[in-house]
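Chemist: Just so we're aligned, residue 1 is where the sequence shown starts under full-length UniProt numbering, counting upward by one. Note that CB positions come from ideal geometry on N, CA and C, so glycine has one too.
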Amino acid sequence: MNRLSAVVLAVLVVASFPATAVAGGASASDESNANLARGQANADAYTGTHVEFETAADSVVDYRVDGEQVFENVTVASRNDAEDGTSGSAGADLSAAVDLEGIGIDLDVRSETRAEIATESSASLTAHDTDRGILTVDAGEESQSVVLNLSGESNAEAAQESDARVLVETDDRTGALIVVGDGNVTVAEQGTVTADLESDSTLVFRSYADGERTDEAEAQERLIAEGVATAEVYADERDGERVADVATYGQDIAVDTATDASDRIELTAERAHGEGTVVITSLSEAALAAGESAADLSVTVDGEAAAKASSYSELEGGIGEEPRYMVTQSSDASAAADVLIAVDHFSERELTIRSADEDGSGSDGDDEAGDDSLPGFGVVTGLVAVLVGVAARVRS
Numbered sequence: 001m002n003r004l005s006a007v008v009l010a011v012l013v014v015a016s017f018p019a020t021a022v023a024g025g026a027s028a029s030d031e032s033n034a035n036l037a038r039g040q041a042n043a044d045a046y047t048g049t050h051v052e053f054e055t056a057a058d059s060v061v062d063y064r065v066d067g068e069q070v071f072e073n074v075t076v077a078s079r080n081d082a083e084d085g086t087s088g089s090a091g092a093d094l095s096a097a098v099d100l101e102g103i104g105i106d107l108d109v110r111s112e113t114r115a116e117i118a119t120e121s122s123a124s125l126t127a128h129d130t131d132r133g134i135l136t137v138d139a140g141e142e143s144q145s146v147v148l149n150l151s152g153e154s155n156a157e158a159a160q161e162s163d164a165r166v167l168v169e170t171d172d173r174t175g176a177l178i179v180v181g182d183g184n185v186t187v188a189e190q191g192t193v194t195a196d197l198e199s200d201s202t203l204v205f206r207s208y209a210d211g212e213r214t215d216e217a218e219a220q221e222r223l224i225a226e227g228v229a230t231a232e233v234y235a236d237e238r239d240g241e242r243v244a245d246v247a248t249y250g251q252d253i254a255v256d257t258a259t260d261a262s263d264r265i266e267l268t269a270e271r272a273h274g275e276g277t278v279v280i281t282s283l284s285e286a287a288l289a290a291g292e293s294a295a296d297l298s299v300t301v302d303g304e305a306a307a308k309a310s311s312y313s314e315l316e317g318g319i320g321e322e323p324r325y326m327v328t329q330s331s332d333a334s335a336a337a338d339v340l341i342a343v344d345h346f347s348e349r350e351l352t353i354r355s356a357d358e359d360g361s362g363s364d365g366d367d368e369a370g371d372d373s374l375p376g377f378g379v380v381t382g383l384v385a386v387l388v389g390v391a392a393r394v395r396s
């Protein structure tokens, strides 16, 4: 149970572009501005690079990832309201509430990388403009009911994988609906999925293009569903500029990324609890394109070398014992790698990923502003520089 109660931060760092100097305060590109302008012109819509949707009075409408519709609408209501609407008892089957009358919502905050949707109850929704089209529904202090009507346009179908996970297949994508905390998610009538969330629980949707839901992705979903994975940091380049976003899946957690060197990624994770954590860092092919391979990566925790694990069970065994890490390939067809780090205990910890042959001294002193040819891990440095100060904070 201690392992299940441990926190895992899923930190997704996508370095899909060549390393260049990061100019602070650079203006947004014309295309990015156009996307934001379209969203601002219609206060009831959001159009991002990957994610777009509209909002009605009580639901999110026409939720799309990379142009493909996944949900026709997503409706949230407090549990009491949902049960009243079904004329059933407190134990009524939520599958009968597919025509749920939702609570009022408001597209409250929007940026280039996310849209935050407030409701009239304690619930909140956040759409993250990443290639995984992440959507979260946080119950807040009250129990909530959620109804998701699947897309007919893209022939969406749902399959029950467990009480905490439902798979959604569309023409060109595969998605997973995952409950974090107390609750369940269920395939109801044809074309409908329902979720029943207790207070402080979260419904998470992650989407993948065809072939991208690998064993590694399923392992991350398991960690999320078990309440172990609590945050995912996404970084990208859009129209020549760096962007970053953080999705949170847990309570009372803070994540910051920063660096003052050109050869490593540094993460700072802080939580009031003392339990250990596992950090999942995903590196794209571009991050390793300068000659480094997955086998060339090493990890330190608070400056001390972490032990290398060869399996997930061995990795998770490091929680409460010693820092451990494991490097895996994201897929057989890709050179991208995942670096999973298990931290033995939790307060504020400094995690560093670097090339194994680095001597730990940081920059070699030869880097100059504007240098776009950094060796080894240099591509990642551009990402880390833009992520300075990025934080995800959720307090219970």
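Taking 8 Å as the threshold, find out whether the region 41-56 comes into contact with the region 118-137 through three or more Cβ pairs.
Modeler: yes
Chemist: Compare the Cα-Cα distances from Ile-265 to each of Gly-274, Glu-275, Ser-298 and report the closest residue.
Modeler: As a first step, residue 265 must be located in the sequence shown, where it is residue number 265. The shortest Cα separation from Ile-265 among Gly-274, Glu-275, Ser-298 belongs to Ser-298.
Chemist: Whole angstroms are fine: how far does the CA of Ala-209 sit from the CA of Leu-59?
Modeler: In the sequence shown, counting from the first residue as 1, residue 59 sits at position 59. In the sequence shown, counting from the first residue as 1, residue 209 sits at position 209. It should be pointed out that residue 59 corresponds to Ser in this sequence rather than to Leu. Ser-59 and Ala-209 have their alpha carbons spaced roughly 25 Å apart.
Chemist: If you draw a straight line from the alpha carbon of Ser-143 to that of Ser-293, how long is it in whole angstroms?
Modeler: Residue 143 sits at position 143 when you count from the first residue of the sequence shown. Residue 293 sits at position 293 when you count from the first residue of the sequence shown. Using only the alpha carbons, I get a separation of about 46 Å.
Chemist: Would you give the residue range spanned by the alpha helix (DSSP H) that Ile-224 belongs to?
Modeler: As a working note, residue 224 is residue 224 in the sequence shown. Residues 215-225.
Chemist: Under the rule that 16 or more other beta-carbon atoms within 10 Å means buried, what is Asp-108, buried or exposed?
Modeler: For the purposes of this step, residue 108 is taken as the residue at position 108 of the sequence shown. The residue is exposed, with fewer than 16 neighbouring Cβ atoms inside 10 Å.
Chemist: Taking C-beta to C-beta, are Leu-167 and Leu-148 nearer than 9 Å?
Modeler: Reading the sequence shown from its first residue, position 167 is the one you call residue 167. Reading the sequence shown from its first residue, position 148 is the one you call residue 148. In this structure, Leu-148 does not lie closer than 9 Å to Leu-167 by Cβ.
Chemist: Quick one: is residue 398 buried, meaning 16 or more other Cβ sit within 10 Å of its Cβ, or exposed?
Modeler: Shown here, the chain extends from 1 to 396; a query on residue 398 therefore has no answer.
Chemist: Pick out whichever of Glu-161, Gln-190, Ser-78, Asn-184 has its Cα sitting closest to the Cα of Glu-218.
Modeler: Here residue 218 refers to the residue found at position 218 of the sequence shown. The shortest Cα separation from Glu-218 among Glu-161, Gln-190, Ser-78, Asn-184 belongs to Glu-161.
Chemist: Give me the Cβ distance between Ala-309 and Gly-320, rounded to the nearest whole Å; I'm assuming they're in contact under 8 Å.
Modeler: As a first step, residue 309 is located in the sequence shown; it is residue number 309 there, counting from the start. As a first step, residue 320 is located in the sequence shown; it is residue number 320 there, counting from the start. Actually they are not in contact, since the Cβ atoms of Ala-309 and Gly-320 sit about 14 Å apart, beyond 8 Å.
Chemist: Would Ile-341 and Val-278 qualify as a contact pair, given that the criterion is a beta-carbon distance under 9 Å?
Modeler: Sequence index remark: in the sequence shown, residue 341 carries index 341 (1-based). Sequence index remark: in the sequence shown, residue 278 carries index 278 (1-based). Yes, Cβ-Cβ distance for Ile-341 and Val-278 is below 9 Å.
Chemist: Determine the direct distance from the alpha carbon of Tyr-325 to that of Thr-136, and round the result to whole angstroms.
Modeler: As a working note, residue 136 is residue 136 in the sequence shown. As a working note, residue 325 is residue 325 in the sequence shown. When rounded, the distance between both Cα atoms is 28 Å.
Chemist: Helix, strand or coil: which one does DSSP assign to Tyr-234?
Modeler: Counting from one through the sequence shown, the residue named residue 234 turns up at place 234. Of the three classes helix, strand and coil, the one that applies to Tyr-234 here is strand, per DSSP.
Chemist: Starting from Ser-313, trace the alpha helix (DSSP H) both ways and give me its first and last residue.
Modeler: Against the sequence shown, residue 313 aligns to sequence position 313. For Ser-313, the enclosing alpha helix (DSSP H) stretches over residues 312-316.
Chemist: Any chance you could list the beta strand (DSSP E) runs of at least 3 consecutive residues sitting entirely within the region 124-205, in chain order?
Modeler: Counting whole runs of 3 or more residues, the region 124-205 contains the beta strand (DSSP E) stretches 124-128, 135-138, 144-150, 157-162, 165-169, 173-180, 183-187, 192-197.
Chemist: Just the C-alpha distance for Gln-40 and Ala-56, rounded to the nearest angstrom, thanks.
Modeler: Residue numbering aside, residue 40 sits at position 40 when the sequence shown is read from its first letter. Residue numbering aside, residue 56 sits at position 56 when the sequence shown is read from its first letter. Confidence at Gln-40 is low in this model, with a pLDDT of 43, below 50, so its placement is unreliable and no value can be given for it.
Chemist: Under the DSSP definition of a beta bridge, which residues are partnered with Phe-53?
Modeler: Taking the sequence shown and counting its residues from 1, the one referred to as residue 53 is at position 53. The partner list for Phe-53 (beta bridge, DSSP) reads Tyr-46.
Chemist: Can you tell me which residues form a DSSP beta bridge with Glu-116?
Modeler: The residue given as residue 116 occupies position 116 in the sequence shown. DSSP, once it has assigned bridges, lists Val-109, Thr-126 as partnering Glu-116.
Chemist: Can you tell me which of Glu-314, Thr-192, Ser-124 puts its alpha carbon nearest to the alpha carbon of Leu-150?
Modeler: If you number the sequence shown from 1, residue 150 lands on position 150. Comparing Cα-Cα distances from Leu-150 to each of Glu-314, Thr-192, Ser-124, the minimum goes to Thr-192.
Chemist: Where Thr-352 and Asp-182 are concerned, what is the direct C-alpha to C-alpha distance, given to the nearest angstrom?
Modeler: Translated into the one-based positions of the sequence shown, residue 352 becomes position 352. Translated into the one-based positions of the sequence shown, residue 182 becomes position 182. Those two C-alpha atoms are separated by around 33 Å.
Chemist: Specify the secondary structure class of Arg-354 as computed by DSSP and reduced to three states.
Modeler: One-based indexing of the sequence shown puts residue 354 at position 354. Here DSSP, grouped into helix, strand and coil, assigns Arg-354 to strand.
Chemist: Between residue 406 and Thr-300, what straight-line distance do the alpha-carbon atoms span, to the nearest angstrom?
Modeler: The chain is shown from 1 up to 396; residue 406 falls before or after that span and cannot be answered.
Chemist: Where does Ala-295 sit, in a helix, a strand or coil, going by DSSP?
Modeler: Along the sequence shown, one-based indexing puts residue 295 at 295. Helix, per DSSP.
Chemist: For Ala-209, write down the residues that DSSP places opposite it in a beta bridge.
Modeler: As a position in the sequence shown, residue 209 is number 209, starting the count at 1. DSSP, once it has assigned bridges, lists Arg-173 as partnering Ala-209.
Chemist: Just to confirm, is the Cβ distance from Gly-211 to Val-70 under 9 Å?
Modeler: Looking up residue 211 in the sequence shown gives position 211. Looking up residue 70 in the sequence shown gives position 70. No. Outside cutoff.
Chemist: Going by DSSP in three states, Arg-64 sits in which element: helix, strand or coil?
Modeler: In the sequence shown, the residue the question calls residue 64 occupies position 64. Correct three-state label for Arg-64: strand.
Chemist: Thinking Arg-64 and Ile-134 are a contact (beta carbons under 8 Å), I'd like their distance in whole angstroms, please.
Modeler: For the purposes of this step, residue 64 is identified with residue 64 of the sequence shown, where counting begins at 1. For the purposes of this step, residue 134 is identified with residue 134 of the sequence shown, where counting begins at 1. So it is not a contact: roughly 13 Å between Cβ atoms.
Chemist: What three-state label does DSSP hand Arg-79 in the structure shown?
Modeler: Residue mapping note: residue 79 aligns to position 79 of the sequence shown, counting from 1. In this structure, Arg-79 counts as helix in the three-state DSSP scheme.
Chemist: Specify the secondary structure class of Val-228 as computed by DSSP and reduced to three states.
Modeler: Residue mapping note: residue 228 aligns to position 228 of the sequence shown, counting from 1. It is coil, neither helix nor strand.
Chemist: Quick check on the burial criterion: 16 or more other C-beta atoms within 10 angstroms. Buried or exposed for Gln-190?
Modeler: For this step, residue 190 is matched to residue 190 along the sequence shown. So Gln-190 ends up on the exposed side.
Chemist: Using only the alpha-carbon positions, how far apart do Val-61 and Tyr-312 sit?
Modeler: As a first step, residue 61 must be located in the sequence shown, where it is residue number 61. As a first step, residue 312 must be located in the sequence shown, where it is residue number 312. Roughly 38 Å between the two C-alpha positions.
Chemist: So, are the CB atoms of Ser-145 and Asp-106 less than 9 Å apart?
Modeler: If you number the sequence shown from 1, residue 145 lands on position 145. If you number the sequence shown from 1, residue 106 lands on position 106. Going by C-beta atoms, Ser-145 is not nearer than 9 Å to Asp-106.
Chemist: Who are Phe-71's beta bridge partners in DSSP?
Modeler: Translated into positions along the sequence shown, residue 71 becomes position 71. Phe-71 is bridged to Tyr-63, Leu-150.
Chemist: Does Glu-304 come out as helix, strand or coil in the three-state DSSP assignment?
Modeler: As a working mapping, residue 304 is identified with position 304 in the sequence shown. The answer is strand: DSSP assigns Glu-304 an E or B state.
Chemist: Under 9 Å, do Thr-126 and Val-76 count as touching if we go by C-beta distance?
Modeler: Mapped onto the sequence shown, residue 126 falls at position 126. Mapped onto the sequence shown, residue 76 falls at position 76. No, the Cβ-Cβ distance between Thr-126 and Val-76 is not below 9 Å.
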